[in-house]
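Numbering (the working numbering), first residue to last: 4 to 321.
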């Protein structure tokens, strides 16, 4: 029976009983006698209690559904309200769960396409930086060197300075190209790529170290790229925002055949800061491979980002 009919029939039954009693043994005089007031008061209280109980029981699934709607986050999939109640209430919860399944599936598909296009665009830009801008600046550096050799002494030092500035700009362009397209990941594998990442971010004020656990299973290229990009974004955030002087990258096999990536620092931590585009990007990448991203405080202070990657499919990689 639907919630509407249950409430309607209960109220109808109470009103019918009240009418029968008023037409029969119960009368109301003027002024109202104490006994009559007690009967009316008890009847009114019984009606209110019955209505309150019915509404409490009948609307409880709706309240749970409301809380689930408020807490739903497509970047943290999996949570579903339990299908309880009867009639249109259970149908409403089932419809909401079906809608969430469809939205999460569509978001995963869309995110996969967007990130794939993003990686292709990064690769194209990195190639153009290397082939076009890099070669042009290399030619400029060589030309400046020859010009400095032939220039008179008053101009020689200036040309050498311009040559060094241009060479520094060339190195910066090469570094940007490596970040856009991790060629070492494709050529030498994930461990070498993370080692190069740690060396790139290590400066006089920041030390980035990598630590390896048990050997990883054979993941496909997409999973390795997600592991690298998450580590890259986590280290970048730590270097820019945490104020840390030490960042650790841990990577190793996890129980069950998967992998665990942990990036933690000794900085000021995340606190109540809202998640930015970088964190949302990491969550979207994790969803692509069915991984779980956890962000929290690191032991001893600072922030910790952990990526738990499931075991590869039996017929999957390499």
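Glycine residues also receive a C-beta, built at the ideal position from the N, C-alpha and C atoms.
Please read these numbers as outputs of a predicted model, since none were measured by experiment.
For residue j and residue i, the rounded distance between their alpha carbons
{"i": "residue 264", "j": "residue 214", "result": "10 Å"}
{"i": "residue 159", "j": "residue 171", "result": "18 Å"}
{"i": "residue 151", "j": "residue 142", "result": "14 Å"}
{"i": "residue 319", "j": "residue 266", "result": "Low per-residue confidence applies at residue 319: pLDDT is 49, beneath 50, and the placement is therefore not dependable enough to give any value."}
{"i": "residue 120", "j": "residue 173", "result": "27 Å"}
{"i": "residue 321", "j": "residue 166", "result": "Unreliable placement is indicated for residue 321, whose pLDDT of 41 sits below 50; the coordinate value is still reported in the next sentence. If I take the Cα positions, the gap works out to 46 Å."}
{"i": "residue 49", "j": "residue 17", "result": "9 Å"}
{"i": "residue 223", "j": "residue 315", "result": "8 Å"}
{"i": "residue 203", "j": "residue 243", "result": "14 Å"}
{"i": "residue 284", "j": "residue 144", "result": "38 Å"}
{"i": "residue 275", "j": "residue 92", "result": "37 Å"}
Residue i - DSSP class collapsed to helix/strand/coil
{"i": "residue 257", "result": "coil"}
{"i": "residue 205", "result": "coil"}
{"i": "residue 268", "result": "strand"}
{"i": "residue 174", "result": "helix"}
{"i": "residue 288", "result": "helix"}
{"i": "residue 212", "result": "strand"}
{"i": "residue 9", "result": "helix"}
{"i": "residue 252", "result": "strand"}
{"i": "residue 263", "result": "strand"}
{"i": "residue 184", "result": "coil"}
{"i": "residue 198", "result": "helix"}
{"i": "residue 63", "result": "helix"}
{"i": "residue 83", "result": "coil"}
{"i": "residue 157", "result": "helix"}
{"i": "residue 319", "result": "Bear in mind that a pLDDT of 49 at residue 319, under 50, signals an unreliable position, so the number given afterwards is only what the model happens to contain. Here residue 319 sits in coil by DSSP."}
Boundaries (first-last residue) of the beta strand (DSSP E) holding residue i
{"i": "residue 148", "result": "Premise fails: residue 148 lies in the alpha helix (DSSP H), 138-153, not in any beta strand (DSSP E)."}
{"i": "residue 311", "result": "306-312"}
{"i": "residue 300", "result": "295-300"}
Identity of the residue in the options nearest residue i by Cα
{"i": "residue 246", "options": "270, 229, 107", "result": "270"}
{"i": "residue 241", "options": "115, 308, 38, 154", "result": "308"}
{"i": "residue 217", "options": "301, 257, 138", "result": "257"}
{"i": "residue 68", "options": "272, 51, 86", "result": "86"}
{"i": "residue 233", "options": "287, 163, 40, 41", "result": "287"}
{"i": "residue 189", "options": "198, 206, 254, 228", "result": "228"}
{"i": "residue 128", "options": "109, 182, 272", "result": "182"}
{"i": "residue 324", "options": "299, 225, 70", "result": "The question about residue 324 has no answer here: the residues shown for the chain are numbered 4 through 321."}
Residue range of the alpha helix (DSSP H) that includes residue i
{"i": "residue 238", "result": "224-240"}
{"i": "residue 128", "result": "91-131"}
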